[in-house]
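Undergrad:
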Amino acid sequence: MTRGRVWTVLIADDDELVCEALADLVASEPAFKVVGVAKDAEEAVALGCDRLPDAAIVDVRMPKGGGLRVLREISACSPKTKVVALSAEPEKASEEAMVAAGAVAYLTKGVHGGQLLDILRDVVTGGSGR
Amino acid sequence: MAERISVLVVEDHRVVAEALAALLSAELDLEVRGIAGSVKEAVAAAAALLPEVVLLDWRLPDGTGAEAAIGIHSKAPDAAILFLSADDSEETMLAALEAGASGYLTKSAPGDQLVGAVRGAAAGEMLIPPGRLAALLRSQRRLAREEVQRSRLLGDLTLREKEILRLMIHGADNRDIAAALHISYETVRTHVKRILEKLDARTKLEAVVHAIEAGLAQELG
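Encoded structure:
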């Protein structure tokens, strides 16, 4: 990881507790800065296009369009943003759709905090997150 | 220092479970002994760890929180179970209390409330969101009344009448019923008349509405 560089991260999940837990987890790592927390797809797109984060952790199922909308619209206005999809359940169809639309990783909610941070570090430095 | 309160965290979203565990472990008097992500894991962990308090998510991938609570109590009967749920409907809260919960917290509860709830549950307190107890008790009384009424109505009906009422609920007219049960049209009319009397209804439609309102439709199938 580039020394001293701080990577900006957007978090989008409609579950308040999940948002808080993810924000605390990401903020616990000095190399990351949470620049926005969104509760639905619309808010996520607005924040993503305004803050142009290095990475976004996006819940696949969200009101107002879901993760796919967020991924497509943020990719259009902020092509550098690496989107990590987070899904409640492993769903093949949604994984394929998210990856085809450009998600760099597709994680399920069984992922541990440490693993999530490792994947985030990997994707912002150009890795595949896998 | 006094012995710490042992806690098991049951939550399928691992990052959330870890965050809850970190929040509780930051308190000197609390100790998170384990994390489980499903009903199966929760029951096994409760048996192995015998925690004093279980913080239990209502929605788990392999069952409901109520199922988990019953399984946990079969292995760790003294564990106080605190439900944590995004769902704050009276129906879910009542189901949680009936499953043996010591308390019910909504996921929007702030961290210090959660810590306080764990301490309270360990001390044997019953914790329900402030302002909800009166409404819950009212709901419980209403449900109990409906149950009594349902049992009474069902008890009053003969087996044949229940059969005919079930067909009426499904939209059958007297001729359909006669054909389905291989009885005469006149016999059906007599049964229907008695059903109307017992359900205090003037018309068949009213009888069906009363039956549905009293929850008989589900019981009759």
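Chains as they are written, first to last, in the numbering used here: chain A, 1 to 130; chain B, 1 to 221. C-beta atoms are modelled at their ideal positions from N, C-alpha and C, and glycine is treated no differently.
(1) Can you name the residues that DSSP bridges to B:T64?
(2) Look at the alpha carbon of A:R61 and the alpha carbon of A:A12, and state the distance between them as a whole number of angstroms.
(3) Can you tell me whether DSSP reads B:V9 as helix, strand or coil?
(4) In terms of residue numbering, what span does the alpha helix (DSSP H) encompassing B:I212 cover?
(5) Three Cβ pairs or more, each shorter than 8 angstroms: is that satisfied between the region 48-63 of chain B and the region 84-101 of chain B?
(6) Less than 8 angstroms between C-beta atoms, sequence neighbours within five positions excluded: which residues of the same chain meet that for B:Q149?
(7) Between the beta-carbon of B:A79 and the beta-carbon of B:P51, is there less than 8 angstroms?
(8) Pick out whichever of B:L157, B:I195, B:A217 has its Cα sitting closest to the Cα of B:H249.
(9) If I follow the unbroken alpha helix (DSSP H) through A:G48, where does it start and stop?
(10) Got a sec: which bits of the region 13-36 of chain A sit with their beta carbon under 8 angstroms from any beta carbon on chain B, in order along the chain?
(11) Measure the Cβ-Cβ separation of B:L136 and B:E90 and say whether it is below 8 angstroms.
(12) Hey, would you say the C-beta of B:D29 is under 7 angstroms away from at least one heavy atom of the ligand FAD?
(13) Does the distance from the C-beta atom of A:G48 to that of A:A55 stay below 8 angstroms?
(14) Look at the Cβ atom of B:L114, then the Cβ atom of B:L23, and state whether they are nearer than 8 angstroms.
(15) For the beta strand (DSSP E) containing B:T158, name the first residue and the last one.
(16) So which residues of chain B does A:K109 contact, with C-beta pairs closer than 7 angstroms?
(17) Select from B:G63, B:L205, B:G155, B:S6 the residue whose C-alpha is nearest the C-alpha of B:E41.
(18) Look up A:I57 in the DSSP assignment and give the residues it is bridged to.
(19) List the endpoints of the continuous alpha helix (DSSP H) containing A:R121.
TA: By the coordinates alone:
(1) B:R59
(2) 10 angstroms
(3) strand
(4) 204-213
(5) yes
(6) A214
(7) yes
(8) Given a span of 1 to 221 for chain B in the structure shown, any question on residue 249 of chain B remains unanswerable.
(9) 41-51
(10) D15, E16, L17, V18, E20, A21, L22, D24, L25
(11) yes
(12) You won't find the ligand FAD in this model; it holds no ligand whatsoever.
(13) no
(14) yes
(15) Counting along the chain, B:T158 falls outside any beta strand (DSSP E), and DSSP gives it neither H nor E.
(16) D12, H13, R14
(17) B:G63
(18) A:I11, A:V84
(19) 113-124
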